[in-house]
Amino acid sequence: MDRRSYIGRFAPSPSGDLHLGSLYAAAASYLDARANAGRWLLRLEDLDTAREAPGAASRILATLEAFGFEWDGEVARQSSRLDLYRGTLEDLRRRDLLFECSCSRLELADEGRYPGQCRHGPVHPERPTATRLRVEPRSITIVDEVQGRYRQNVSAASGDIILRRRDGIFSYVFAVVVDDAAQGVTHVVRGADLLDNTPPQIYLQNALGVPTPAYAHVPVLTEPDGTKLAKSRRSVRADAGCALTQLCAIFELLNLAPPASLRDGGIDNAWAWAVRHWKLSALPRRLTLPAGL
Ligand code: GLU
């Protein structure tokens, strides 16, 4: 890959404020882009308005700024890209790759994967329907830059992929794939909670005929006992008042070994140091990382 053509991105959902776990993934993505002389885009994944926390979008931007992240270009908002999603969905429909599904979440609750009961027409045509991509049995292998080889047969794991939900909202998988392709993203560095969602994304990329970016899934930070980081805990809240101290803690968790003197300089100096020392391969090959923050 030509280093100059690297395009990375951070794509938070405004369902809550950023905490140190989200900043850890953001920092990995940012450092990898800058160390490769790449561009770094910021995209707000704000399609699911019901899950949006009031004011979270602007607080996310303010936190990123306070921590010294500098994104390239305008912030992209998925809510203003609906025409692109609609057009892409209709292209797939014309190619006869989609079907409408009337099954409710409750009806499918006991199924490990979608069994395909609406493939030949919605079982309950009177209901609102979701739009699914027909998935044929095929194994997809990723060579993840942190987690290594990961293989999944999407058809066996989850089945036909929902592109538009029954409430009319475009799904995360659909919007993320359309946007990564439209924005020319070449490298996705994000939390390992999305590793098992990546094969469906690649399946959809293949159906759309768009390139597959390189993937690096960084460990998800947890409490020292392995439980999810509780956003309510003061110590894991991103605090603009001590951004440099928290940033150095994040660098440590990224195995960068920041010298104590880094805390005496400014944020820009700390980032410049981290870019110079960045090594994606130094990240632990694990899905979660207990962190005494
Ligand atoms: N919006 C997703 C989230 O906040 C991340 C999407 C991605 O990085 O692919 O979990």
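Residue numbers (our numbering): 546 to 838. Quick reminder that beta carbons are idealized off the backbone N, C-alpha and C, glycines included. These numbers were taken from a predicted model, which means no experiment stands behind them.
| Item | Value |
| --- | --- |
| Short Cβ contact (7 Å threshold) for L828 with V763 | yes |
| Within 6 Å of the ligand GLU: residues by beta-carbon to any heavy atom | A556, P557, S558, E590, V721, R735, L739 |
| Reduced DSSP category for E645 - H, G, I as helix; E, B as strand; rest coil | strand |
| Reference D770; option with closest CA among L799, G837, A737 | G837 |
| Inter-residue spacing [alpha-carbon to alpha-carbon] between M546 and V723 | At M546 the pLDDT is 49, less than 50, meaning the model places this residue with poor confidence and gives no usable figure here. |
| Identity of the residues DSSP links to G657 by a beta bridge | Looking at the DSSP assignment, G657 forms no beta bridge with any residue, so it has no partner. |
| Integer-rounded CB distance, given that L749 should sit under 8 Å from I687 | Between L749 and I687 the Cβ distance is about 14 Å, and since that is not below 8 Å, they are no contact. |
| Buried or exposed (CB count within 10 angstroms, at least 16 for buried), Y551 | buried |
| Counterpart residues of H762 in DSSP-defined beta bridges | R735 |
| Nonlocal neighbours in the same chain, by C-beta distance under 8 Å from L637, ignoring five residues either side | L643, L678, L708, A752, L753 |
| Beta bridge counterpart(s) of H564 as assigned by DSSP | R782 |
| Alpha helix (DSSP H) runs contained entirely in the stretch 681-730, provided each spans 4 or more residues | 699-702, 717-727 |
| Cβ-Cβ distance between E690 and A761 below 7 Å | yes |
| Other residues of its chain near Q623: CB distance less than 6 Å, five sequence neighbours each side excluded | E590, D591, L592, A720 |
| Whole-number beta carbon distance between R658 and A598, since they are thought to touch under 8 Å | Wrong, their Cβ atoms sit about 31 Å apart, outside the cutoff. |
| Limits of the unbroken beta strand (DSSP E) element including F555 | 552-555 |
| DSSP three-state assignment for M546, whether helix, strand or coil | Its pLDDT being 49, under 50, M546 is placed unreliably in this model, and the value from its coordinates should be taken loosely. Correct three-state label for M546: coil. |
| A675 (DSSP reduced to helix, strand or coil) | strand |
| Beta carbon of L807 nearer than 7 Å to that of W818 | yes |
| Cα-Cα separation, E652 to D617 | 44 Å |
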